[in-house]
Each structure stands twice: as C-alpha cells, then as structure tokens.
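Asker: Questions regarding the structure given below will be posed in turn.
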Amino acid sequence: MVPRWSPRCFLPLAAALVIPCPEAAATAAATTTLSPVTIQAMTGNPIASYDRLQEGRRSFERHHALAPSAQLRFVTDDSVHDTAPDLRLQFLSDQQQLDIPLDHHKSFELAPPIPALRHARLLANRPPDTLQIHPLVRNAADDPLDTRLGNLRLECEVSWSIGKSSAPLWMHAAFAMAGGVCHSSRIQVDLYSPRAILSVTLSEHGRSATFKAGRNRHDYQLPLYDKHWSDQALVHFQPIPTVTPSP
C-alpha cells in the first residue's frame, strides 16, 4: 500500500507483501515457468529479493525481545490455489538456484544468509496479482486464533525493514519525526491474518478493546504504539463462521 497523508497525518503501512508476477522467466524445469516476484511495501513494487527478506530476518533478531519465544515465517496467500499446480517458490541468483520448501500452510522459514544467494530474485509459478507473501510472527504453541501483542509489534518491525529501502528520504524523515513506523499513533499499520476474520479483540488485566477487520477480512489494525498494552496482552481473532453447504 502506498503511503498517503491525511488531515491527522496518518501514514498507512502495508504489512502485507503483495506479489504480482509480471515477467516470465524460464527455469531449469522445462515444463514450469517461474516469474519474478515484486513486493508492494512502502512505495511502488520493487523486485523481491533474497536480500530484502534477509533484512526482515535481521530485524526479527534485533527486536526479538518483543517476542522471545516467537518464530518468523513467511506465509503465502494464493488466490488461484484451487485451479493452479502446486505452488512453487524459488530463489535464483547468478551462482545458485534454491527451491523453497513450503509446509502444509504454504509458509516457509528463511534460513541464515547463504553468500551464493546474494542479490537472488524470488520467483513463483503464478500469474500476476494472484499471490501474496506476508511475514508472520507467532509462537509455535499459539492457538491459530490467539497470539500476543508483542508478536505483532515484532511483525511490524520486520515488515518495515523489508520495505524501507524503497521508501524515499522524505518518508524516512516523516516516520522518524512521528516516532517510528511501529511506535506512533500518527502512523497507521495494516497487519495480516491468514484466516478471514470479523474482528480482533485485545485484552489484558480485565480490560479489552475490539477492532473491526478491514474490507478484505484479512487485514486489521491495532494500537501497537500504545504502551498501556504490554507485549503480553492477548490478541484474539474472531473468524468468519464457516457455512456448511446444505446436502
């Protein structure tokens, strides 16, 4: 999402990493075409790279105190999964090609840097505008409908680290004056839920606040900046009820 100023000086930040695949690129597998992936982060659609995702991983390590038990994964949102072949992701550099193993949720973990993959592109076997990648910070033991606020604060830091290299200097300056992307009430941050939701409830010490999901039912906003809510505050996702077809 491209930032815009509002009368309240809100600056939206897309935590989602949107992956349209514009140009076709042949791979070693003659029957499969993989296309360059782009990231819609702070501005425009820069070509996704191994280096950008590693920036997110380094940010996760720097800010790990926000969520000491959490893990970082990148989750895919595949809008053509019902009709397309199995999703395939790959890093490709001048020196090395590496297929990315996906779990049953179609998410992956980024290993420590491999020198031969420096400047590698991220490729996918999907047409344009049908695939999205999002950083996701969760505890392994988390219920799918519950997490901690500290996890989401860390997720915000990861997202900004991935997108900030494409942001213009004026935007860096504006965010710094506001107190930082993930630390200011003047900056609006969209977070991502893999599951379609109606709302998100934040609760701690007997108090709670509920926030409606966005229009696409996968994005939502929370007061990450508000220190009255600790990193241990519980975040509960209210899913959209599953409709069982009539026999």
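As numbered in mature numbering (1 follows the signal peptide of the UniProt record, and there is no 0), residues -24 to -1, 1 to 223 make up the sequence shown, in order.
Beta carbons: idealized from backbone N, C-alpha and C, even for Gly.
1) Residue range of the beta strand (DSSP E) that S179 falls in?
2) Using only CA atoms, which one of I109, A150 and N192 lies nearest to R162?
3) Assuming the contact rule is C-beta atoms closer than 8 angstroms, L65 and L93 should be a hit. Round their C-beta distance to whole Å, please.
4) Excluding the 5 residues flanking R171 on each side, which residues of the same chain have their C-beta closer than 6 angstroms to its C-beta?
5) Pull up the distance between the alpha-carbon of H80 and that of T52, whole angstroms please.
6) Would you mind sorting C(-4) into buried or exposed? The rule is 16 or more other CB atoms within 10 Å of its CB.
7) Are the CB atoms of F213 and V165 within a distance shorter than 8 angstroms?
8) Express the C-alpha separation of F187 and L198 in angstroms, rounding to a whole number.
9) To the nearest angstrom, how far is it from the Cα of K203 to the Cα of Q71?
10) Should V134 be labelled buried (16 or more other beta-carbon atoms within 10 Å of its own) or exposed?
11) Quick check on the burial criterion: 16 or more other C-beta atoms within 10 angstroms. Buried or exposed for S25?
12) According to the neighbour-count rule (16 or more other Cβ atoms, all chains shown, within 10 Å of its Cβ), is G155 buried or exposed?
13) So, with DSSP's three-state summary, where would you put L125?
14) Using a threshold of 8 angstroms, state whether the C-beta atoms of V56 and R124 are closer than that.
15) Reducing DSSP to helix, strand and coil, say where K140 ends up.
Answerer: Based on what the coordinates show:
1) Against the sequence shown, residue 179 aligns to sequence position 203. That run of the beta strand (DSSP E) goes I173 to E180.
2) Here residue 162 is taken as the residue at index 186 of the sequence shown, counted from 1. Residue A150 is the option with its Cα nearest to R162.
3) Indexing the sequence shown from 1 puts residue 65 at position 89. Indexing the sequence shown from 1 puts residue 93 at position 117. Contact doesn't hold; Cβ gap of about 13 angstroms is too wide.
4) Stepping through the sequence shown from its first residue, residue 171 is reached at position 195. For R171, where only same-chain residues beyond five positions count, the Cβ hits under 6 angstroms are P215.
5) Sequence index remark: in the sequence shown, residue 80 carries index 104 (1-based). Sequence index remark: in the sequence shown, residue 52 carries index 76 (1-based). Their Cα atoms are separated by approximately 11 angstroms.
6) Looking up residue -4 in the sequence shown gives position 21. Interpretation of C(-4) is limited by its pLDDT of 39, a score under 50 that renders its predicted location unreliable; the figure taken from the coordinates is listed afterwards. Classification of C(-4): buried, given that the 10 Å Cβ count is 16 or more.
7) Locating residue 165 in the sequence shown gives position 189, counting from the first residue. Locating residue 213 in the sequence shown gives position 237, counting from the first residue. No. Outside cutoff.
8) Residue mapping note: residue 198 aligns to position 222 of the sequence shown, counting from 1. Residue mapping note: residue 187 aligns to position 211 of the sequence shown, counting from 1. Looking at the two C-alpha atoms, the distance is approximately 7 angstroms.
9) Residue 203 sits at position 227 when you count from the first residue of the sequence shown. Residue 71 sits at position 95 when you count from the first residue of the sequence shown. In a straight line, the C-alpha of K203 is about 46 angstroms away from that of Q71.
10) Translated into positions along the sequence shown, residue 134 becomes position 158. Looking at its Cβ environment, which holds 16 or more other Cβ atoms inside 10 Å, V134 is buried.
11) Taking the first residue of the sequence shown as 1, we reach residue 25 at position 49. So S25 ends up on the buried side.
12) As a first step, residue 155 must be located in the sequence shown, where it is residue number 179. Counting every other CB atom within 10 Å of its CB across the protein chains shown gives G155 a total below 16, marking it as exposed.
13) Reading the sequence shown from its first residue, position 149 is the one you call residue 125. Collapsing the DSSP output to three states places L125 in a helix.
14) Counting from 1 along the sequence shown, the entry for residue 56 is found at position 80. Counting from 1 along the sequence shown, the entry for residue 124 is found at position 148. No, the pair does not count as a contact, with Cβ atoms beyond the cut-off.
15) Against the sequence shown, residue 140 aligns to sequence position 164. Three-state result, K140: helix.
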